[in-house]
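For the sequence shown, the working numbering begins at 9 and goes up steadily by one.
The C-beta atom is built at its ideal place from N, Cα and C for all residues, glycine as well.
All of these numbers come straight from a predicted model, not from anything done at the bench.
Structure, as structure tokens:
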Amino acid sequence: MATSIWLWSAEDVPHHDVLGEAERRRAAKLREPLGSYFTAARVAVRTVLGDLLGVPGGDIVLGNHPCPGCGDPGHGPPRVVWPETSLWISLSRAERHGALAVSTAAVGVDIETHRPVDLPGLGRDALAPAEAAWLEGFTDPRERLLGFYRCWTRKEAVLKAVGVGLSVDLRRWDTVPGADRATVRDTTSSPARLWAVENPPSLPDTTMAVGRPAATAEDDLSVRAFSAAETGGADLPVTGETTLKGFRALKEK
Numbered sequence: 009m010a011t012s013i014w015l016w017s018a019e020d021v022p023h024h025d026v027l028g029e030a031e032r033r034r035a036a037k038l039r040e041p042l043g044s045y046f047t048a049a050r051v052a053v054r055t056v057l058g059d060l061l062g063v064p065g066g067d068i069v070l071g072n073h074p075c076p077g078c079g080d081p082g083h084g085p086p087r088v089v090w091p092e093t094s095l096w097i098s099l100s101r102a103e104r105h106g107a108l109a110v111s112t113a114a115v116g117v118d119i120e121t122h123r124p125v126d127l128p129g130l131g132r133d134a135l136a137p138a139e140a141a142w143l144e145g146f147t148d149p150r151e152r153l154l155g156f157y158r159c160w161t162r163k164e165a166v167l168k169a170v171g172v173g174l175s176v177d178l179r180r181w182d183t184v185p186g187a188d189r190a191t192v193r194d195t196t197s198s199p200a201r202l203w204a205v206e207n208p209p210s211l212p213d214t215t216m217a218v219g220r221p222a223a224t225a226e227d228d229l230s231v232r233a234f235s236a237a238e239t240g241g242a243d244l245p246v247t248g249e250t251t252l253k254g255f256r257a258l259k260e261k
């Protein structure tokens, strides 16, 4: 199984007319620059998926999987409704930056811009005891901030892969931030499932994490910039390589 992640900054995304009517209305309601950030993200997502699935980006229909918690299809993990595909997707936006993960298994991606945060407050509300203790080991404020974002992105990526988002008690999810790749136990399902989470290379001044089933942790992972998405993207340095051609071959099996 394979996972690819595309990253973008809004200013690097060309303005193609691929948005649906509902997306255009939503963008128009947002104050600038938020409207432009939203538009760039949807253009990037539709461009990559259109290239991957061999259809015009504007024709793609996006929807949701049913929520694992309540079964409501209105707020479950994102999915491609048309064209029919077995690929999983996950989206994340952080101001002008964004990430799209595409995988042959359930996947979650989170990207965050480095901004000052209320570490004591968020630590109490969001971090597992072991994560909080790990973070306390940093005496430099900058290193502690980056450590927090390492914890937070891992937590959100895993929860997006699980499909429950931030609706659970975040303190019960220890993402073992000191490890390059960690295994996280999902106790919300029966039987409990194991998820792998790590922090691949990201854009400047951001931290990103990807979560996927632990059984797929050794499978190919690629991270690429959107600027060349139409030809597969410009790979960033990360172990493993997955191309659009390889994804199409997987899709056809």
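- 8 Å contact criterion, which Ala233 and Leu15 should meet: CB distance rounded: The residue labelled residue 233 in the question sits at position 225 within the sequence shown. The residue labelled residue 15 in the question sits at position 7 within the sequence shown. Their Cβ separation, rounded to whole angstroms, is 6 Å, which keeps Ala233 and Leu15 in contact under 8 Å.
- Message: Using a Cβ-Cβ cutoff of less than 6 Å, which residues in the same chain neighbour Arg201 once the five nearest sequence positions on both sides are dropped?
- Response: Taking the first residue of the sequence shown as position 1, residue 201 is located at position 193. Taking C-beta separations shorter than 6 Å and ignoring five residues to either side along the sequence, the partners of Arg201 in its chain run Asp194, following chain order.
- Taking the alpha-carbon positions, what's the Pro41 to Leu211 distance? As a first step, residue 41 must be located in the sequence shown, where it is residue number 33. As a first step, residue 211 must be located in the sequence shown, where it is residue number 203. The straight-line gap from Cα to Cα measures roughly 19 Å.
- Ends of the alpha helix (DSSP H) at Leu202? Taking the first residue of the sequence shown as position 1, residue 202 is located at position 194. Not the alpha helix (DSSP H): Leu202 falls in the beta strand (DSSP E), residues Arg201 to Glu206.
- Query: To which residues does DSSP link Arg101 through a beta bridge?
  - Reply: Residue 101 sits at position 93 when you count from the first residue of the sequence shown. DSSP output for Arg101 lists Gly106 as bridge partner(s).
- Going straight from the alpha carbon of Arg150 to that of Tyr45, what length do you get? If you number the sequence shown from 1, residue 150 lands on position 142. If you number the sequence shown from 1, residue 45 lands on position 37. Cα to Cα, Arg150 sits roughly 27 Å from Tyr45.
- Distance, Cys75 Cα to Thr196 Cα: Translated into positions along the sequence shown, residue 196 becomes position 188. Translated into positions along the sequence shown, residue 75 becomes position 67. For Thr196 and Cys75, the distance between alpha carbons rounds to 13 Å.
- Through-space distance from Val184 to Gly173, alpha-carbon basis: Along the sequence shown, one-based indexing puts residue 173 at 165. Along the sequence shown, one-based indexing puts residue 184 at 176. Between Gly173 and Val184, the C-alpha separation is close to 19 Å.
- By Cβ distance, which residues of its chain are closer than 7 Å to Thr47, with the 5 residues on each side in sequence left out? As a position in the sequence shown, residue 47 is number 39, starting the count at 1. Cβ neighbours of Thr47 beyond the five flanking positions: Leu27 and Ala35.
- Please go through the stretch 46-103 and give each complete beta strand (DSSP E) segment of 3 or more residues, from N-terminal end onward. 69-72, 86-90 and 96-102
- Message: Can you tell me whether Ile13 is buried or exposed? The criterion is at least 16 other CB atoms within 10 Å of its CB, across all chains shown.
- Response: Position 5 of the sequence shown holds residue 13. Classification for Ile13: buried.
- Arg104 versus Asp213 - alpha carbon distance: As a position in the sequence shown, residue 104 is number 96, starting the count at 1. As a position in the sequence shown, residue 213 is number 205, starting the count at 1. C-alpha separation (whole angstroms): 12 Å.
- Message: Using CA atoms only, rank isn't needed, just tell me which of Lys163, Glu120, Pro124 and Asn207 is closest to Ala134.
- Response: Within the sequence shown, numbered from 1, the residue matching residue 134 stands at position 126. For the residues Lys163, Glu120, Pro124 and Asn207, the minimum Cα distance to Ala134 belongs to Lys163.
- Would you call the stretch 59-73 and the stretch 119-139 in contact, with 3 or more CB pairs under 8 Å? Flag = no, the stretch 59-73 and the stretch 119-139 do not touch.
- Nearest-angstrom Cα separation, counted from Val176 out to Val117: Taking the sequence shown and counting its residues from 1, one reaches residue 117 at position 109. Taking the sequence shown and counting its residues from 1, one reaches residue 176 at position 168. Those two C-alpha atoms are separated by around 17 Å.
- May I ask you to list the residues that DSSP assigns as paired with Arg193? The residue labelled residue 193 in the question sits at position 185 within the sequence shown. Answer is Leu202, bridged to Arg193.
- Range covered by the beta strand (DSSP E) that runs through Arg220: Residue mapping note: residue 220 aligns to position 212 of the sequence shown, counting from 1. Run containing Arg220: Thr214 to Pro221, per the beta strand (DSSP E) assignment.
- Which residues bound the alpha helix (DSSP H) around Val166? Mapped onto the sequence shown, residue 166 falls at position 158. Segment Pro149 to Val170, the alpha helix (DSSP H) holding Val166.
- Message: For a test of the three-state rule: what should DSSP assign to Ser44, helix, strand or coil?
- Response: Against the sequence shown, residue 44 aligns to sequence position 36. Note: Ser44 maps to helix in three-state DSSP.
- Mapping DSSP to helix, strand and coil, what is Gly116? Here residue 116 is taken as the residue at index 108 of the sequence shown, counted from 1. Gly116 falls in the strand class under three-state DSSP.
- Between Trp90 and the rest of its own chain, which residues show a CB-CB distance below 8 Å, the 5 nearest in sequence each way excluded? Taking the first residue of the sequence shown as position 1, residue 90 is located at position 82. Contacts found: Asp67, Ile68 and Val69.
- Ser94, buried or exposed, once every other Cβ within 10 Å from all chains shown has been counted against 16: Counting from one through the sequence shown, the residue named residue 94 turns up at place 86. Burial call: exposed.
- Message: Using CA atoms only, rank isn't needed, just tell me which of Glu19, Ser111 and Ala187 is closest to Ala10.
- Response: Along the sequence shown, one-based indexing puts residue 10 at 2. When only C-alpha atoms are compared, the closest one is Ser111.
- Query: If we count the other Cβ atoms within 10 Å of its Cβ and call it buried at 16 or more, is Pro124 buried or exposed?
  - Reply: Here residue 124 corresponds to residue number 116 of the sequence shown, with the count starting at 1. Classification for Pro124: exposed.
- If you draw a straight line from the alpha carbon of Glu120 to that of Val205, how long is it in whole angstroms? Mapped onto the sequence shown, residue 120 falls at position 112. Mapped onto the sequence shown, residue 205 falls at position 197. Distance between the alpha carbons of Glu120 and Val205 is about 16 Å.
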